[in-house]
Structure formats: structure tokens, C-alpha cells
Amino acid sequence: MTETIKVDIWSDIACPWCYLGKHRFEAGVAEFRKTHPDVEVEVESHSYELAPDTPDDFAGSEVEFLTKRKGMPAEQVEQMLGQMSRLAESEGIEFDFGNLRHANTRRAHRVLHLAKEQGLQSEMQERLFRAYFAEGRTVSDPDTLAALGEEVGLDPDEVRDAFDDDDLGEAVDRDITRARMLGVQGVPFFLFEQKYSVPGAQSAEVFADVLGQVIELQRGGGSE
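For the record, in the sequence shown the residue sitting at position 187 is 187 according to UniProt numbering, with numbers rising by one throughout.
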């Protein structure tokens with residue numbers, strides 16, 4: 001019988017650590033399955049908004065946004081983003097902060113829930129991350145989101161309808177409420193089997209180790 005580990009992940013499209021965490025987690029899953037080929041890892045992504053007060057039509061850069069929000073000098077912000085870009089490059093991910101347009105992510109989260117209904121959540125999330133961090137796309141723009149959705153197999157008209165869909169809006173709110181109930185202070189946040197939490201973009205080795213521990217706990221619990 002195939003064993004399964006369920007992993008719930010909270011993240012935000014505008015969070016560079018979430019993009020890194022997604023890739024590190026996926027690398028950890030691949031490493032784990034080398035020794036546990038019969039164990040399936042079932043992943044469900046959940047919405048989290050780091051800056052819900054960002055206007056949909058925010059036209060500033062990431063440096064401008066962080067300078068105002070965190071009260072940091074622009075030079076310090078640029079240095080921090082430069083370090084982040086080098087770290088991402090070492091992980092095979094591109095960050096182009098100079099071209100990035102900071103955006104409210106509420107609409108993007110609605111599209112992610114639409115994609116989840118159609119079995120395309122992971123593909124849509126990856127496309128949004130790349131569009132936001134590497135391509136300078138505005139992920140609060142309806143036409144941009146419709147085009148990105150079409151690329152991964154969504155109907156662009158359904159994507160546009162998602163912006164006014166109350167059910168999708170409530171799905172986003174439920175994710176955020178659940179995160180608060182779990183005491184989530186930041187993202188990415190990983191919850192294994194509804195029991196074991198791992199905050200932050202840990203290394204692939206850490207994720208592989210956690211998965212190994214979880215499956216051993218499951219097996220031990222089943223034998224009692």
C-alpha cells in the first residue's frame with residue numbers, strides 16, 4: 001500500500017524566501033524519495049498576504065516599497081536585495097529586483113485557488129513567482145494574470161472572472177485565518193500531517209530529513 005505524507009504550505013507570491021523555499025522543498029522531496037520511492041508527498045499551497053495594504057495600482061519599485069515600509073535607507077535595501085539575488089542564483093533561481101514591480105497579491109491568490117480547482121496550482125504558483133521576480137510583470141494586473149493563467153492551461157476568461165468570485169475570495173480568507181490560528185508569523189510555513197511545523201526556507205537536506213522523520217513516526221504510530 002502506498003504511504004502518503006500531506007504537506008500544507010503557506011506562502012505569498014511577493015515573498016522571495018517563499019520562492020526559494022518552494023524550490024528547496026521540492027529538492028528535499030526528490031532527495032527523500034530516493035530512499036522512500038513508495039511514499040507519496042501530497043502538497044497543498046495556501047494563501048498568505050505579507051502586505052495586504054499594498055494598493056492594486058502601486059507603481060513603485062521594490063526598493064521604494066521596502067524603504068518606506070521598513071524605514072531602511074535605500075542603500076541598505078539595495079545591498080540586502082543584492083545578497084538575496086546572489087543566494088537565489090546559487091539555487092538556480094533568477095531574481096531581478098531592479099526590474100521588479102511591487103504589487104498587491106490578492107488577485108494572484110484568487111487565481112491560485114482557481115488553479116487548485118483545476119489541478120494546476122503548482123504550475124500557476126511557479127509561473128507567478130517567475131513572472132514577478134524574474135520578468136518584471138505586474139501580478140496585480142488583470143490582463144497579466146489572465147495571460148499567465150492561459151500559459152499554464154487556465155481559461156483567461158475564467159481568470160478574469162476570478163477577481164469578482166466571492167467563493168475564491170473566501171478561500172483566500174480561510175487560508176489566512178487558518179494561518180493566524182496556527183500562529184504563523186511569517187512565510188514560507190510548512191505543516192506536515194497537520195502536526196509538525198517547519199518555518200522558513202530551510203535547506204533541501206532539512207526538508208528531506210523532516211519527511212523521513214514524519215514517515216517513521218507514522219509507521220511507529222501505526223504499529224502500536
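Think of the CB as a built atom: it goes at the ideal place given N, C-alpha and C, for glycine as much as any other residue.
*Burial state of Asn-104 (16 or more Cβ within 10 Å)*: With 16 or more other Cβ atoms within 10 Å, it is buried.
*By Cβ distance, which residues of its chain are closer than 8 Å to Leu-20, with the 5 residues on each side in sequence left out?*
Cβ within range, chain order: Leu-87, Ala-88, Glu-91, Ile-93, Ala-201.
*Can you grab the Cα-Cα spacing for the pair Pro-25 / Val-43, in whole Å?*
First, the amino acid is wrong: residue 25 is Phe here, not Pro. The C-alpha of Phe-25 lies about 10 Å from the C-alpha of Val-43.
*Per DSSP, which residues does Pro-73 bridge with? Please list them.*
Answer is none; Pro-73 lacks a bridge partner.
*Helix, strand or coil: how does DSSP classify Phe-207 here?*
Phe-207 falls in the helix class under three-state DSSP.
*Ignoring anything shorter than 4 residues or poking outside the segment 80-144, list the alpha helix (DSSP H) runs there in chain order.*
For the segment 80-144, whole alpha helix (DSSP H) runs of length 4 or above, ordered along the chain, are 106-117, 121-133.
*Taking just the CA atoms, how far does Gly-220 sit from Tyr-132?*
Going by the C-alpha atoms only, they are around 43 Å apart.
*In whole angstroms, what separates the C-alpha of Glu-40 from that of Glu-123?*
The straight-line gap separating the alpha-carbon atoms of Glu-40 and Glu-123 is approximately 18 Å.
*Apply the 10 Å Cβ neighbour rule to Thr-177 and answer buried if 16 or more other Cβ atoms are within range, or exposed otherwise.*
That one is exposed.
*List the DSSP bridge partners of Pro-199.*
The bridge partners DSSP lists for Pro-199 are Phe-189.
_With three or more C-beta pairs closer than 8 Å as the rule, is the segment 68-81 touching the segment 206-216?_
Fewer than three pairs of CB atoms, one per stretch, sit closer than 8 Å, so the segment 206-216 makes no contact with the segment 68-81.
*Contact between the segment 136-147 and the segment 172-190: three or more CB pairs below 8 Å?*
Taking 8 Å as the limit for Cβ pairs, the verdict is that the segment 172-190 does not touch the segment 136-147.
_CB of Phe-207 within 8 Å of CB of Pro-199, strictly_ = A distance of 8 Å or more separates the beta carbons of Phe-207 and Pro-199.
*In this structure, does DSSP put His-46 in helix, strand or coil?*
His-46 falls in the strand class under three-state DSSP.
_Enclosing alpha helix (DSSP H) for Thr-54 [first to last residue]_ = Annotation: Thr-54 is outside any alpha helix (DSSP H) and is labelled neither H nor E by DSSP.
*When we look at the beta-carbon of Gln-121 and count the other beta-carbons within 10 Å, is it buried (16 or more) or exposed?*
Label assigned to Gln-121: buried.
_Alpha carbons only, please: which of Trp-10, His-102, Gly-28, Asp-57 is nearest the one belonging to Val-210?_
When only C-alpha atoms are compared, the closest one is Gly-28.
*Whole angstroms is fine: what's the gap from Asp-57's alpha carbon to Ser-140's?*
Rounded to whole angstroms, Asp-57 to Ser-140 spans 8 Å at the Cα level.
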